[in-house]
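Peer 1: Residue numbers (numbering that gives the first Met the number 0): 0 to 153. Quick reminder that beta carbons are idealized off the backbone N, C-alpha and C, glycines included. My questions will all concern the structure given below.
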Amino acid sequence: MAKYIEGDQNAEGLRFGIVVSRFNDFVTSKLLSGALSTFKEQGADEESVEVVRVPGAFEIPQAAKKLCSIRNFDAVVCLGAVIKGGTPHFEYISAETSRGINQVGLEFNIPVLFGVLTTNDLEQAVERSGPDSSNKGREAALAAIEMANLYRKI
Ligand code: INI
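If you want it as structure tokens, here you go:
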């Protein structure tokens with residue numbers, strides 16, 4: 000016999016922060032739409048979701064850390080798009096962004112979700128930011144709701 004603990008996908012009464020980067024805005028704005036509509040569909044109040052914009056993916060962990068330190072969110076969703084170019088720049092930005100986002104969640108004991116696309120090309124980014132369930136902003140928002148409910152139960 001064991002007791003199982005897991006979160007559900009009811010967002011009523013939960014507070015969410017979203018950090019979204021402006022770089023590759025034509026993709027990140029769609030990730031943001033996917034996350035916002037998912038929070039709404041799952042029952043979150045509009046005023047319980049706050050959106051913070053930063054210049055690029057590299058700045059996402061910094062803003063997420065600031066949010067976690069001064070606001071009382073149940074979860075923070077990070078959204079961005081790092082698209083590979085011809086130089087090693089992509090590797091530095093994507094590695095530091097993912098590492099930083101993970102660190103913030105562990106440091107503050109708040110679910111901090113990774114909705115940052117790291118793709119080889121624009122086509123892959125577009126495929127993952129469409130209006131359907133493949134939208135990674137939507138996926139990150141659903142994971143945020145589940146984790147926020149899980150943290151309340153543990
Ligand atoms: N920022 C991104 O969010 N995506 C990218 O693809 C990207 N590329 O390719 O350079 C990018 N660079 C900017 C970076 O995130 C910082 O904003 C900048 O270096 C200032 O710190």
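For Ile82, which of helix, strand or coil comes out of DSSP?
Peer 2: Ile82: strand per DSSP, three-state reduction.
Peer 1: Between the alpha carbons of Gln61 and Gly99, how many angstroms are there, rounded?
Peer 2: Going by the C-alpha atoms only, they are around 8 angstroms apart.
Peer 1: Applying the criterion that 16 or more other CB atoms from any shown protein chain within 10 Å of the CB defines a buried residue, is Thr117 buried or exposed?
Peer 2: The residue in question, Thr117, is buried, as its Cβ has 16 or more Cβ neighbours within 10 Å.
Peer 1: What residues come near the ligand INI, if near means a beta carbon less than 7 angstroms from any of its heavy atoms?
Peer 2: Residues with a Cβ closer than 7 angstroms to any heavy atom of the ligand INI, in chain order: Ser20, Phe22, Asn23, Pro54, Gly55, Ala56, Phe57, Glu58, Gly79, Ala80, Val81, Ile82, Gly84, His88, Phe89 and Ile92.
Peer 1: Buried or exposed: Leu78, going by 16 or more other Cβ atoms within 10 Å of its Cβ?
Peer 2: It counts as buried.
Peer 1: Would you report the Cα separation of Leu30 and Gly136, rounded to the nearest angstrom?
Peer 2: Between Leu30 and Gly136, the C-alpha separation is close to 4 angstroms.
Peer 1: Take the Cβ of Thr37 as the centre, count every other Cβ of all protein chains shown within 10 Å, and call the residue buried at 16 or more, exposed below.
Peer 2: Thr37 is buried by the Cβ-count criterion.
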